[in-house]
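**Q** Take this structure first; my questions come after.
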Amino acid sequence: MADLDLLHFEQLKSEIQTKYLTNHTPSNEDISHWKGIDIIYFQEDLRKIAKGNISEKSFYTYFKSTPATKLPRIDILNLLSVYAGYASWYDFKKNHLFADEILREQESGEEIQTAETESEPGNAQNRASDGKTTGNEMEESQLEAVLQNNSTENQELIKNDDFSGFSQNKEEPRVKKFVKKNLWYGISGILALLVGFLGLKDQFISKEYYYTFIDADRNSKINGDLQVKIFKENESPILYTAKPNEPFVYKNPSSKTLVMEVSSPYYKTDRIVRNLETAPESETIELKPNDYAIMLYYYSNSKQDIKRKRERLNYLISDNALIYQVYDNDKYGVETLDKRRYITLVTTPTTSLKNMEVIDTQMEKGKIVLIKFKIINNETS
952 MADLDLLHFE QLKSEIQTKY LTNHTPSNED ISHWKGIDII YFQEDLRKIA KGNISEKSFY
1012 TYFKSTPATK LPRIDILNLL SVYAGYASWY DFKKNHLFAD EILREQESGE EIQTAETESE
1072 PGNAQNRASD GKTTGNEMEE SQLEAVLQNN STENQELIKN DDFSGFSQNK EEPRVKKFVK
1132 KNLWYGISGI LALLVGFLGL KDQFISKEYY YTFIDADRNS KINGDLQVKI FKENESPILY
1192 TAKPNEPFVY KNPSSKTLVM EVSSPYYKTD RIVRNLETAP ESETIELKPN DYAIMLYYYS
1252 NSKQDIKRKR ERLNYLISDN ALIYQVYDND KYGVETLDKR RYITLVTTPT TSLKNMEVID
1312 TQMEKGKIVL IKFKIINNET S
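Everything in the sequence shown is counted per this note's numbering, starting at 952 for the first residue and increasing by one.
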């Protein structure tokens, strides 16, 4: 049945492709070759018709592999079936039954009738055999009950006669001897723990340092995530995320010196060093904005005239810029775009632009020469 479901899914993919091609012209007619902006336009059409969405990761997993090796979840199958014009995945399969599926249903009904007919003589024989063994089973159960009663009585006699007096006489002296022998060791251990705690109390007592990051030009809080990398001697760096409008909290330092590097796609990376013996517990740190990255974000997401947006982005981005789209997918991790395709992508009004996130940018001689971005998965049913 699983193999037949995979064949049904291939049929569904073919009908989805035909449905989409009636009103759209992608870069390739074969759905397995769609990528980038083709997938975004398909997601828009899916939301419009079926009132749901699948992520880019799901698209690459189930549509790029031909033939498919595994089925999507049932909610995705139902969503895709509705897009193709059916009530559900079950309705789609019902309208595309294979010949062997129909024959299999008829054969299964005949097998059930044959099994019921053949089972009647066997039942009668079983009932007869049960009646013959009833007497033997009752005799065996009575014998076991007698043996169990005898063994229990013998155990109670041995316990009461031989061991009750011995346990009462020996238990109390052993307890007293144990307490006297170990009392001094217990007091000495408690004193040692107390002295150790007093000597290392600074390490046991929790201490926290709060760092608030603000925009140096605007003197306002930063509304995006910041990556904070903590460096420790002879250890690999530890990466933290500072949430928007919340201070970054550094807890229980094991070193007297704090070395941290703060970075963001929209702010210049800053390396901060603090002596924790004299540093305040709360501090505000200014970060210099990356003006070109902020302008890139503004022109990509603003609601101004599309022609003006294209002109400004064309001016900001170098003709030879390296542009990467990162996917949450093991098979298709990164896709490269040229400058023209990127500008078309970010100036086309789609709901996917709300989920676009710039990961990194680099500038040379006043032009953006590298852009790395991703569109965050937002899969709903």
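Note that beta-carbon positions come from the ideal geometry of N, C-alpha and C, so glycine has one too.
Based on Cα-Cα distance, which residue from R1225, P1216, I1294, R1261 lies nearest to K1239?
**A** Stepping through the sequence shown from its first residue, residue 1239 is reached at position 288. The shortest Cα separation from K1239 among R1225, P1216, I1294, R1261 belongs to P1216.
**Q** Return the CA-CA distance between K1172 and T1235, expressed in angstroms with no decimal places.
**A** The residue given as residue 1172 occupies position 221 in the sequence shown. The residue given as residue 1235 occupies position 284 in the sequence shown. As the crow flies, the alpha-carbon of K1172 is around 10 Å from that of T1235.
**Q** Measure the alpha-carbon distance for L955 versus F993 and round it to whole angstroms.
**A** Within the sequence shown, residue 955 is the residue found at index 4, counting from 1. Within the sequence shown, residue 993 is the residue found at index 42, counting from 1. Going by the C-alpha atoms only, they are around 26 Å apart.
**Q** How should H959 be labelled, buried or exposed, when 16 other C-beta atoms within 10 angstroms of its C-beta is the threshold for buried?
**A** As a working mapping, residue 959 is identified with position 8 in the sequence shown. Looking at its Cβ environment, which holds 16 or more other Cβ atoms inside 10 Å, H959 is buried.
**Q** Tell me where the alpha helix (DSSP H) around S1215 begins and ends.
**A** Numbered from 1 along the sequence shown, position 264 holds the residue referred to as residue 1215. From DSSP, S1215 is part of no alpha helix (DSSP H) but of the beta strand (DSSP E) over 1208-1215.
**Q** According to DSSP, is K1316 helix, strand or coil?
**A** As a working mapping, residue 1316 is identified with position 365 in the sequence shown. K1316: coil per DSSP, three-state reduction.
**Q** First and last residue of the beta strand (DSSP E) that includes I1274?
**A** To locate residue 1274, count along the sequence shown from 1; it is residue 323. Per DSSP, I1274 belongs to the beta strand (DSSP E) from 1268-1277.
**Q** Assign A1035 to one of two classes, buried (16 or more other C-beta atoms within 10 Å of its C-beta) or exposed (fewer than that).
**A** The residue labelled residue 1035 in the question sits at position 84 within the sequence shown. A1035 comes out buried.
**Q** Enumerate in chain order the residues of its own chain whose CB-to-CB distance from L1190 is below 6 Å, with the five nearest sequence positions on each side excluded.
**A** Along the sequence shown, one-based indexing puts residue 1190 at 239. These residues qualify, in order along the chain: K1180.
**Q** Decide if S1023 is buried, meaning its Cβ has at least 16 other Cβ atoms within 10 Å, or exposed.
**A** Walking along the sequence shown from the start, residue 1023 turns up at place 72. Note that residue 1023 is Pro in the sequence shown, not Ser. Its Cβ being crowded by 16 or more others within 10 Å, P1023 is buried.
**Q** When the distance is taken between beta carbons, is L1264 closer than 9 Å to T1298?
**A** In the sequence shown, residue 1298 corresponds to position 347, counting from 1. In the sequence shown, residue 1264 corresponds to position 313, counting from 1. Yes. Within cutoff.
**Q** Based on the DSSP secondary-structure assignment, which residues constitute the bridge partners of D1166?
**A** The residue you call residue 1166 lines up with position 215 of the sequence shown. According to DSSP, D1166 bridges with S1171, L1238.
**Q** Would you report the Cα separation of L1028 and P1188, rounded to the nearest angstrom?
**A** As a working mapping, residue 1028 is identified with position 77 in the sequence shown. As a working mapping, residue 1188 is identified with position 237 in the sequence shown. Rounded to whole angstroms, L1028 to P1188 spans 44 Å at the Cα level.
**Q** Taking only the alpha-carbon atoms, compute the straight-line gap between E1007 and N1306 and give it to the nearest angstrom.
**A** Looking up residue 1007 in the sequence shown gives position 56. Looking up residue 1306 in the sequence shown gives position 355. Distance between the alpha carbons of E1007 and N1306 is about 12 Å.
**Q** According to the neighbour-count rule (16 or more other Cβ atoms, all chains shown, within 10 Å of its Cβ), is G1137 buried or exposed?
**A** Here residue 1137 is taken as the residue at index 186 of the sequence shown, counted from 1. Label assigned to G1137: exposed.
**Q** Using the C-alpha atoms, what's the distance from K1325 back to V1210?
**A** The residue given as residue 1210 occupies position 259 in the sequence shown. The residue given as residue 1325 occupies position 374 in the sequence shown. Rounded to whole angstroms, V1210 to K1325 spans 30 Å at the Cα level.
**Q** Residues in its own chain within less than 8 Å of E1071 by CB, not counting five upstream and five downstream?
**A** In the sequence shown, the residue the question calls residue 1071 occupies position 120. At E1071 the pLDDT is 44, less than 50, meaning the model places this residue with poor confidence and gives no usable figure here.
**Q** Distance, Cα to Cα, L1145 vs N1241?
**A** To locate residue 1145, count along the sequence shown from 1; it is residue 194. To locate residue 1241, count along the sequence shown from 1; it is residue 290. So the alpha carbons of these two residues sit roughly 53 Å apart.
**Q** Note the first and the last residue of the continuous beta strand (DSSP E) segment covering D1221.
**A** The residue labelled residue 1221 in the question sits at position 270 within the sequence shown. If you look at D1221, you'll find it in the beta strand (DSSP E) that goes 1218-1226.
**Q** Distance, Cα to Cα, Q1178 vs E1315?
**A** In the sequence shown, counting from the first residue as 1, residue 1178 sits at position 227. In the sequence shown, counting from the first residue as 1, residue 1315 sits at position 364. Answer to the nearest angstrom: the Cα atoms are 23 Å apart.
**Q** Rank F1199, K986, T1229 by C-alpha distance to the C-alpha of T1208 and give the top, closest one.
**A** Position 257 of the sequence shown, counting from 1, holds the residue named residue 1208. Residue T1229 is the option with its Cα nearest to T1208.
**Q** Does the Cβ-Cβ distance between V1213 and F1164 come in under 9 Å?
**A** On the sequence shown, position 262 is the one that residue 1213 refers to. On the sequence shown, position 213 is the one that residue 1164 refers to. Yes; because the gap between Cβ atoms is below 9 Å, this pair is in contact.
**Q** Can you tell me whether S1206 is buried or exposed? The criterion is at least 16 other CB atoms within 10 Å of its CB, across all chains shown.
**A** Walking along the sequence shown from the start, residue 1206 turns up at place 255. Label assigned to S1206: exposed.
**Q** From the DSSP secondary-structure annotation, give me the bridge partner or partners of T1287.
**A** For this step, residue 1287 is matched to residue 336 along the sequence shown. The partner list for T1287 (beta bridge, DSSP) reads Y1275.
**Q** Note down, in chain order, each residue of its chain lying with its Cβ closer than 7 Å to the Cβ of L1054, except the 5 sequence neighbours on either side.
**A** As a working note, residue 1054 is residue 103 in the sequence shown. Legend: pLDDT at L1054 = 39, less than 50; position of this residue unreliable, value from coordinates given subsequently. Same-chain partners within the cutoff: there are none.
**Q** Mind reading off the beta-carbon distance from A1272 to K1258? Whole number of angstroms is fine, and I expect it under 8 Å.
**A** Your numbering for residue 1272 matches position 321 in the sequence shown. Your numbering for residue 1258 matches position 307 in the sequence shown. About 21 Å; that fails the 8 Å criterion.
**Q** Identify whether D954 lies in helix, strand or coil by the three-state DSSP scheme.
**A** One-based indexing of the sequence shown puts residue 954 at position 3. In the structure shown, D954 sits in a helix (DSSP, three-state: H, G or I).
**Q** Within the continuous beta strand (DSSP E) that includes T1301, where are the two ends?
**A** Counting from 1 along the sequence shown, the entry for residue 1301 is found at position 350. No residue range can be given for T1301, since it is assigned to no beta strand (DSSP E) and is classified by DSSP as neither H nor E.
**Q** On the three-state DSSP scale, how would you describe N1029?
**A** As a first step, residue 1029 must be located in the sequence shown, where it is residue number 78. The three-state secondary structure of N1029, taken from DSSP, is helix.
**Q** Using alpha carbons as the reference points, say which of H1047, I991, T1312 lies closest to I1005.
**A** Against the sequence shown, residue 1005 aligns to sequence position 54. When H1047, I991, T1312 are compared, the shortest CA-CA separation from I1005 is found for I991.
**Q** Tell me the rounded alpha-carbon separation between N1074 and K1045.
**A** The residue labelled residue 1074 in the question sits at position 123 within the sequence shown. The residue labelled residue 1045 in the question sits at position 94 within the sequence shown. The predicted position of N1074 is uncertain, since its pLDDT is 45 and thus under 50; no value can be drawn from it.
**Q** Tell me whether the beta-carbon of E961 lies closer than 9 Å to the beta-carbon of P1018.
**A** Mapped onto the sequence shown, residue 961 falls at position 10. Mapped onto the sequence shown, residue 1018 falls at position 67. Taking 9 Å as the Cβ cut-off, E961 and P1018 qualify as a contacting pair.
**Q** Can you tell me whether W1135 is buried or exposed? The criterion is at least 16 other CB atoms within 10 Å of its CB, across all chains shown.
**A** If you number the sequence shown from 1, residue 1135 lands on position 184. Exposed, since its Cβ has fewer than 16 Cβ neighbours within 10 Å.
**Q** In the DSSP assignment, the beta strand (DSSP E) including T1192 goes from what residue to what residue?
**A** On the sequence shown, residue 1192 is found 241 positions in, with the first residue counted as 1. That run of the beta strand (DSSP E) goes 1189-1193.
**Q** To which residues of the same chain is K1194 closer than 8 Å at the C-beta, ignoring the five residues directly before and after it?
**A** The residue you call residue 1194 lines up with position 243 of the sequence shown. Excluding positions up to five away in sequence, the list reads D1176.
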